[in-house]
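A quick write-up on the structure given underneath.
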Amino acid sequence: MIIKKHRIIGHNRPISTVIKWFVDKESGHVSEARKEIRRRFSGVDWKYQKKILLASLASCETDRTWAYPKLLDCWEDSFAPVIEDLWNTYHEKRCSWVIIRFFPKEYIRTNMDSLLVDERNYYFICRRMADEKDFVIDPKLFWDVEDYFRAMAVCHKPASKNELLDAMYTVVHDLCNIDYERIEHGIIDARYAEAHGLSILDYERMAWRHFYDDSMAVWGREVFGPSSFRLIQRLEYSLEEMGAQEALQEFQTWSEQTEKVIVNSEEFKQLNEKVLTDNEYDNERKRIAKRISYECLPERYKNRTEHNMSTNKALAHDEIRLEEEKTWKSNNENFDDSDVGRDEIFIHPKRRRQKDIPEENVFLNERMGNGEQKTDEQIIEDLATAWRTLNPELLIQHLAPEFIYDSMWVFEHLEYSDYVNYLRAKFNTIRESGSVLVIEELPGKNAISINQDNQRTAYYVVKIQNGKIVKGDLTAFLPYGF
Numbered sequence: 299m300i301i302k303k304h305r306i307i308g309h310n311r312p313i314s315t316v317i318k319w320f321v322d323k324e325s326g327h328v329s330e331a332r333k334e335i336r337r338r339f340s341g342v343d344w345k346y347q348k349k350i351l352l353a354s355l356a357s358c359e360t361d362r363t364w365a366y367p368k369l370l371d372c373w374e375d376s377f378a379p380v381i382e383d384l385w386n387t388y389h390e391k392r393c394s395w396v397i398i399r400f401f402p403k404e405y406i407r408t409n410m411d412s413l414l415v416d417e418r419n420y421y422f423i424c425r426r427m428a429d430e431k432d433f434v435i436d437p438k439l440f441w442d443v444e445d446y447f448r449a450m451a452v453c454h455k456p457a458s459k460n461e462l463l464d465a466m467y468t469v470v471h472d473l474c475n476i477d478y479e480r481i482e483h484g485i486i487d488a489r490y491a492e493a494h495g496l497s498i499l500d501y502e503r504m505a506w507r508h509f510y511d512d513s514m515a516v517w518g519r520e521v522f523g524p525s526s527f528r529l530i531q532r533l534e535y536s537l538e539e540m541g542a543q544e545a546l547q548e549f550q551t552w553s554e555q556t557e558k559v560i561v562n563s564e565e566f567k568q569l570n571e572k573v574l575t576d577n578e579y580d581n582e583r584k585r586i587a588k589r590i591s592y593e594c595l596p597e598r599y600k601n602r603t604e605h606n607m608s609t610n611k612a613l614a615h616d617e618i619r620l621e622e623e624k625t626w627k628s629n630n631e632n633f634d635d636s637d638v639g640r641d642e643i644f645i646h647p648k649r650r651r652q653k654d655i656p657e658e659n660v661f662l663n664e665r666m667g668n669g670e671q672k673t674d675e676q677i678i679e680d681l682a683t684a685w686r687t688l689n690p691e692l693l694i695q696h697l698a699p700e701f702i703y704d705s706m707w708v709f710e711h712l713e714y715s716d717y718v719n720y721l722r723a724k725f726n727t728i729r730e731s732g733s734v735l736v737i738e739e740l741p742g743k744n745a746i747s748i749n750q751d752n753q754r755t756a757y758y759v760v761k762i763q764n765g766k767i768v769k770g771d772l773t774a775f776l777p778y779g780f
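If you're matching positions, the sequence shown starts at 299 in this note's numbering and goes up one per residue.
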């Protein structure tokens, strides 16, 4: 006989009662009431939506974090005193979004410095101030050049040609110099950050932002050049939008000349004679494009710490790789590498599968800690953290080479390499869309719940064997008896 668990709060419970239980912290139903009011929020009348929002704003940080994005779609001026008081008390990032969107422009001007608690806030401030003739855009307050270009396009206040070209060449320099192999392996080294004149945190953020642009922009082209990078393509579009035709034409002329140099290079001509997989072929073309694009940059953009990319940086990289190899081999004395090149040992798992290099022969970098196998609970914790922070590498590090992913909304399954590409692209899309994710771990279960923008909750259920995730399923419900 199956005994059905009694629901304390049913679907037919009056919403006013549920709100009352949520507000009364001694009712014993706060957690259940919170889930129910969030589930019903989009379907109830405005008067109840307002009560739910006010109750959430008066509650804990978790409830306020949920309520702030809702205000972006459900705003009225009566919320202003509450938001101002919360801002003066907590200075929370999502609260600043509401202020920038709805508060008087004079208030934003007065509190400009304190409102810059989020990396992209200044961009949205510029959009809000677009019609203010006396508002001056400060390029130093933007996190990246893409937001700076967009702001100038929206505000119709383009910079000088030399300033725009300087920004474009600097982006090419960064795309050609960031060590994506180490970023993909999860290694952020102080020596690399110092080479770029950045803190480790800022270097990591910049590297991950450009990593997605670099890895996605050059697919499907026979010849790669500076304008192949998707980030460069978006900046060129912004230049056109702001009417900076002279700067755009000069940069595109340089890009076309660089592409001709790439096509005529011996390295590129010899590439077709090599026996490579499609993935290796694309990586080689990208590497050649980066090296030659860097060499074709005006000299003033190469006079940095890493002045000569093909010598100084390469030597520094090899020195570090040799240190890593020496450490790894000292712990794996029985490994015979006579048939495997050094670069083939230290490669990403998705490329390792193509070369059939045994799992036990792969260098495990410091991302995996001290090398000890993690427990199921630690793996699930990393899974939840990966979704909360939109950091795919936290999940990818736990996937087995034979990993299979299934979704009840898609007919075909994904294997390891396809899922890795899918996950990185998905997290990047969520990050750019500004969607709100609520991720919860399920005690005692190898699963997490995922709620995006207060829509239907989905469950990510995983199967773990020998410390690795071998199967992942995205479903609308937990399997019976799970």
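The beta-carbon is built from N, C-alpha and C at its ideal position, and this holds for glycine as well.
Residues of its chain near residue i, where Cβ-Cβ distance is below 6 Å and the 5 sequence neighbours each way are ignored
i: G770; result: Y703, V760
i: R722; result: P690
i: F447; result: L533, S536
i: L384; result: C393
i: F522; result: V516, R583, K584, A587
i: E738; result: S747
i: R425; result: V452
Span separating the alpha-carbon of residue i from that of residue j
i: I678; j: N744; result: 6 Å
i: C453; j: R528; result: 23 Å
i: I313; j: S329; result: 15 Å
i: K459; j: V415; result: 31 Å
i: E430; j: E404; result: 11 Å
i: D322; j: I530; result: 54 Å
i: H605; j: E597; result: For H605, the predicted structure reports a pLDDT of 38, less than 50, and the residue's modelled location is therefore unreliable. A value from the coordinates is still provided. Approximately 9 Å, taken between the alpha carbons.
i: M427; j: F433; result: 7 Å
i: R686; j: S747; result: 11 Å
i: K391; j: A451; result: 26 Å
i: Q568; j: T575; result: 15 Å
i: E382; j: D361; result: 17 Å
i: L693; j: N409; result: 39 Å
i: R754; j: L772; result: 13 Å
i: N562; j: R585; result: 15 Å
i: P777; j: P437; result: 52 Å
i: S354; j: G742; result: 29 Å
i: H696; j: D680; result: 9 Å
i: I335; j: V316; result: 7 Å
i: Q763; j: D472; result: 40 Å
i: I435; j: V469; result: 20 Å
i: Y720; j: P379; result: 43 Å
i: Q671; j: V768; result: 15 Å
i: E359; j: G541; result: 44 Å
i: G765; j: V396; result: 43 Å
i: Q750; j: L735; result: 5 Å
Extent of the continuous alpha helix (DSSP H) to which residue i belongs
i: T673; result: Element bounds for T673: n/a, residue is neither H nor E.
i: S314; result: 313-321
i: I530; result: 528-539
i: A756; result: Per DSSP, A756 belongs to no alpha helix (DSSP H); it is in the beta strand (DSSP E), 756-763.
i: I350; result: 344-355
i: V434; result: Neither: V434 is in no alpha helix (DSSP H) and is coded neither H nor E.
i: V470; result: 459-475
i: K413; result: Checking the displayed sequence, the identity of residue 413 turns out to be Leu instead of Lys. First-last of the alpha helix (DSSP H) with L413: 410-413.
i: V380; result: 378-388
i: K558; result: 543-562
i: D580; result: 576-594
i: W364; result: 359-369
i: C372; result: No alpha helix (DSSP H) holds C372; DSSP gives it neither H nor E.
i: A331; result: 328-338
i: F522; result: Note, F522: premise wrong, no alpha helix (DSSP H); not H, not E.
Neighbourhood of residue i by C-beta, 8 Å cutoff - its chain only, sequence neighbours within 5 removed
i: L351; result: A365, K368, L369, C372, F377
i: F339; result: Q347, I350, K368, N752
i: S325; result: K318, W319, A331
i: F775; result: Y757
i: R649; result: Because the pLDDT at R649 is just 31, under 50, the model does not fix this residue reliably, and the value given afterwards should be weighed accordingly. Excluding residues within five positions, the ones whose Cβ falls inside 8 Å are N577, E578.
i: E582; result: L569, K572, L574
i: M706; result: D771, L772, T773, A774
Close Cβ partners of residue i (< 7 Å) along its chain, the five nearest in sequence each way excluded
i: L729; result: In the sequence as presented, Leu is not what sits at residue 729; that position holds Arg. Excluding residues within five positions, the ones whose Cβ falls inside 7 Å are L688.
i: R399; result: L370
i: E548; result: L463
i: K455; result: I435
i: Y599; result: Y467, T468, H471
i: A457; result: M450
Endpoints, beta strand (DSSP E) assigned at residue i
i: V452; result: Element bounds for V452: not the beta strand (DSSP E) but the alpha helix (DSSP H), 443-453.
i: T773; result: 766-773
Distance between beta carbons of residue j and residue i, contact taken as under 8 Å
i: A587; j: S526; result: 7 Å
i: E444; j: L533; result: 6 Å
i: Y467; j: L439; result: Contact flag wrong, Cβ pair sits at about 21 Å.
i: Y592; j: C474; result: 4 Å
* To do: Give, in chain order, every unbroken run of the alpha helix (DSSP H) that is at least 4 residues long and sits entirely within the segment 701-748.
  => Counting only runs that start and end inside the segment 701-748, the alpha helix (DSSP H) elements of at least 4 residues fall at 714-731.
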